[in-house]
Each structure stands twice: as structure tokens, then as C-alpha cells.
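Residue numbers (the working numbering): -14 to 391.
Below: the structure, in C-alpha cells.
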């Protein structure tokens, strides 16, 4: 059974990125007009859900960040599983350099953020914010940069962004869980076991997995662990193909259904709900605060330094392993394109905003506002400069090719 790898249409990716950008800008505009009261009231208004004796009463913002984003993580999980089984993550030789580069792109931003915030214990809670890469924004910007870019560049960025997402998932699970409820943890374990059993019995009806996943989501939420992680868990238990008809893929069908909803619905709503910053409250103190600078520079400088440095070390490691013939020179990327891509990888937007809400959501609006400001500045600088670098590199290579042709 064969699958189309990296099958997302460039038009869908670029349109999704544009809608995401418009949503973020619209939130900024509304939060700086007389409509700001309605904007803030809307997302802070309580919304209750009752299931039998259990009642969940949370703000609309919570349901978006912990509920809708679970759907996003479900899609990410499906994509990761597909790539591991049939795509570029299946081959060690293909995944080695992007993963090494991604690791550098996680570590250096952390170092930069800690360097700015090491004196403040509360500020240090945001150390993971600049580690993320937004798949939708980064691939969208890559598509906008032109269709003459090398195909292995898209593969490299996708693999790197997927690795970053995996890293973010583990960071949220391990470092941002502060209390546990044993009863709900045990309950979550039972429903996780049920999902695994359904998979082993080759049950292919995705509706059953979703229903069990919703109950698991409630248990995980009440246990103290961030509930968005349930999306990944459910994704990895959904079977790849039907036992009777191996041409029918439950995983692929669900991924195809979710893709437009996440691209044009979930992510724009999340961006609209989390990008509002009152510029009237932002002075030079906020703009140059350690949190804002740590995140902005972590994304813009930390990503490009970490990725390029780690990639160059990876190339040296490959040269030592070369006799094994696992690696191929044709997979290497021209340094101009690598640099442009490493800059674009600093667009942490969605995942960075999500981590910032988890890190600072309970300690005051000022911390959250500075974190959002840092994410927007760092992601914007990365997108603009990355686009210019790749467009210029692509144009120069095309011009050189035309000269050789003539």
C-alpha cells in the first residue's frame, strides 16, 4: 500500500498561512480599538459542559487552547505516524540531518532565553516558548518564496518542524505538568488501554476512537496533564489500514477530513483568540523586557544559529559514517537555501503561543502579553527575512542557470 508523502497542496498551505496571518492581525486590531472590551469579554466568558455528574466550567479561551488544539495535535499525530511508517521519518539516512538540525534549533533558543531571564524565577517558566516551529506558517512562507526552490528543502523543513513538534509535545508533558490526580490518571490509563485494544483488534471505525478519545481527554484534563496531548495518543492508536481491504486507510481518510478543518478553522480561531495585545499598554519597558527579548531573539537568532551550527556538525558526522553508505550527497542542501530555511524555522507562532499560555496563563496578564509580543516579533522577523533570503537565493540560482543555458 503506497501513500503520497508530503501531499499537502502548496495552494492549501499558502492560503492557510494567509488566513492564519489575517486572523492574528485582526486580533491585534480589535484589541486596540473600542471593540477590545468585547474581544476580551468574549474569550473570558465561561462555557460549561456537563456529562452526567461531571461538570466542566471553563473560559472560551480554555476550550480553544485545550479543546480545539487537541484536534490540531490529532492531525499532527496522524502526519507523524504516516511519515514514520511510509515517509521520510522511516529512513535513518533521510531523517538524521533534519533531526540534528532540529535539536540545535531547540537548544540554542533555550540558551538565549535563559541568558536573558536567569535572574527571574517566574520568567524562567517561559524557557520552552522559542523552541517551536509553526509547520503551517513555515511551509506557507516556503511556498510563497517561489516554486523554483529545491524539493529537498521542503522535505528538510517538514521533517525539522515535525521533530520540533515532537519536542514541544514532550516538553509540555514533562515540564509543564505540576500536579496529578491519581484517580483520573488511572482512569486515563484504562481508556488508553482500551484504545490500544481496539487497535490490536483491528477496529477501523474512527468514530469509536474519537468517542473513547473524548473520554480520555476529560480524564487527562482532570488528572493535571495538558489535555492537548490526547490528540497525539489517539492518532497513534488509529490503525493505518483496513484488515479486509488494505487499500482503505483509516489514518489517511481521517487525515484528509481533518486537514481543511484544521487549516482553515482550528488554527485561525486559535490565532485570533491568542494574538490580541493592547499596544497602549506596551511601553519601552515591555518591548525590551527580558521575556520579550528572550523569546524574540530566541526565535529569530537562536533558531538560525542552532540549525546551521547543528547541521554543519551533522555533515561532519556524516563524513565519518560515509563508508557505511547510508547517506547520499544529493540529500545535502546548498548553504544559501539552508540559511534561509533556518531563518524561516524561527516562525514559532502557533506552538509558541500555546506554550506561552501554559507557562504564563496563571501568573498574570503582563507576563502573557510580553510573551505574545516576543512570539509575534520573533516570528515576523523570521518570516520576512527568511522569505527575502530564499527569494533572492532562488532568483540568483535561476539567473545563473539561464546564463549557462544561453
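Glycine included, C-beta positions come from ideal geometry on N, C-alpha and C.
Because the structure is a prediction, the values reported are computed rather than measured.
Cβ atoms of residue j and residue i: under 9 Å apart, would you say?
i: residue 303; j: residue 370; result: no
i: residue 161; j: residue 38; result: no
i: residue 401; j: residue 335; result: Past the edges of the chain, shown from -14 to 391, lies residue 401, and the structure says nothing about it.
i: residue 95; j: residue 368; result: no
i: residue 180; j: residue 201; result: yes
i: residue 236; j: residue 254; result: no
i: residue 9; j: residue 353; result: no
i: residue 299; j: residue 82; result: yes
i: residue 407; j: residue 378; result: Residue 407 falls outside the range modelled here, since the chain spans only -14 to 391, and no answer is possible.
i: residue 275; j: residue 104; result: yes
i: residue 85; j: residue 295; result: yes
i: residue 54; j: residue 242; result: no
i: residue 269; j: residue 50; result: no
i: residue 249; j: residue 1; result: yes
i: residue 393; j: residue 130; result: Because the chain is modelled from -14 through 391, residue 393 falls outside the range shown and cannot be assessed.
i: residue 125; j: residue 11; result: no
i: residue 98; j: residue 287; result: yes
i: residue 246; j: residue 22; result: no
i: residue 297; j: residue 119; result: no
What did DSSP end up calling residue i once you bin it into helix, strand or coil?
i: residue 34; result: strand
i: residue -1; result: helix
i: residue 166; result: coil
i: residue 304; result: helix
i: residue 108; result: helix
i: residue 98; result: helix
i: residue 16; result: coil
i: residue 309; result: Summary for residue 309: the model assigns pLDDT 42, below 50, so the residue's position carries little reliability, and this model does not support an answer.
i: residue 126; result: helix
i: residue 331; result: coil
i: residue 150; result: helix
i: residue 351; result: helix
i: residue 77; result: helix
i: residue 189; result: coil
i: residue 161; result: coil
i: residue 135; result: coil
i: residue 346; result: coil
i: residue 118; result: coil
i: residue 72; result: coil
i: residue 362; result: helix
i: residue 314; result: Bear in mind that the predicted position of residue 314 carries a pLDDT of just 49, short of 50, making it unreliable; the figure below should be weighed with that in mind. Three-state result, residue 314: helix.
i: residue 202; result: helix
i: residue 86; result: helix
i: residue 113; result: coil
i: residue 103; result: coil
State the Cα-Cα distance for the pair residue i and residue j, rounded to the nearest angstrom.
i: residue 256; j: residue 305; result: 44 Å
i: residue 32; j: residue 25; result: 14 Å
i: residue 91; j: residue 192; result: 36 Å
i: residue 262; j: residue 360; result: 11 Å
i: residue 145; j: residue 79; result: 11 Å
i: residue 52; j: residue 341; result: 16 Å
i: residue 289; j: residue 143; result: 16 Å
i: residue 331; j: residue 93; result: 12 Å
i: residue 351; j: residue 323; result: 36 Å
i: residue 212; j: residue 154; result: 11 Å
i: residue 258; j: residue 110; result: 22 Å
i: residue 28; j: residue 44; result: 7 Å
i: residue 461; j: residue 293; result: The chain is shown from -14 up to 391; residue 461 falls before or after that span and cannot be answered.
i: residue 194; j: residue 205; result: 16 Å
i: residue 264; j: residue 174; result: 45 Å
i: residue 166; j: residue 89; result: 35 Å
i: residue 16; j: residue 319; result: 43 Å
i: residue 101; j: residue 108; result: 9 Å
i: residue 198; j: residue 356; result: 31 Å
i: residue 226; j: residue 77; result: 24 Å
i: residue 210; j: residue 58; result: 15 Å
i: residue 7; j: residue 13; result: 10 Å
i: residue 164; j: residue 40; result: 20 Å
i: residue 234; j: residue 271; result: 50 Å
i: residue 87; j: residue 141; result: 10 Å
i: residue -1; j: residue 156; result: 29 Å
Check whether the Cβ of residue i lies closer than 9 Å to any Cβ atom in chain D.
i: residue 294; result: Within the model displayed, chain D is absent; a lone protein chain is all it includes.
Would you check if the segment 139 to 151 and the segment 177 to 194 touch, i.e. whether three or more CB-CB distances between them fall below 8 Å? no
The segment 103 to 123 touching the segment 272 to 279, judged by at least three CB pairs closer than 8 Å: yes
Say whether the segment 68 to 75 touches the segment 351 to 365, bearing in mind that this needs 3 or more beta-carbon pairs closer than 8 Å, one atom from each stretch. no
Which ranges does the alpha helix (DSSP H) cover as unbroken runs of at least 4 residues, wholly within the segment 39 to 65, from first to last along the chain? none
Count the CB pairs spanning the segment 204 to 219 and the segment 53 to 67 that are closer than 8 Å, and state whether there are at least three. yes
Which ranges does the beta strand (DSSP E) cover as unbroken runs of at least 3 residues, wholly within the segment 208 to 295, from first to last along the chain? none
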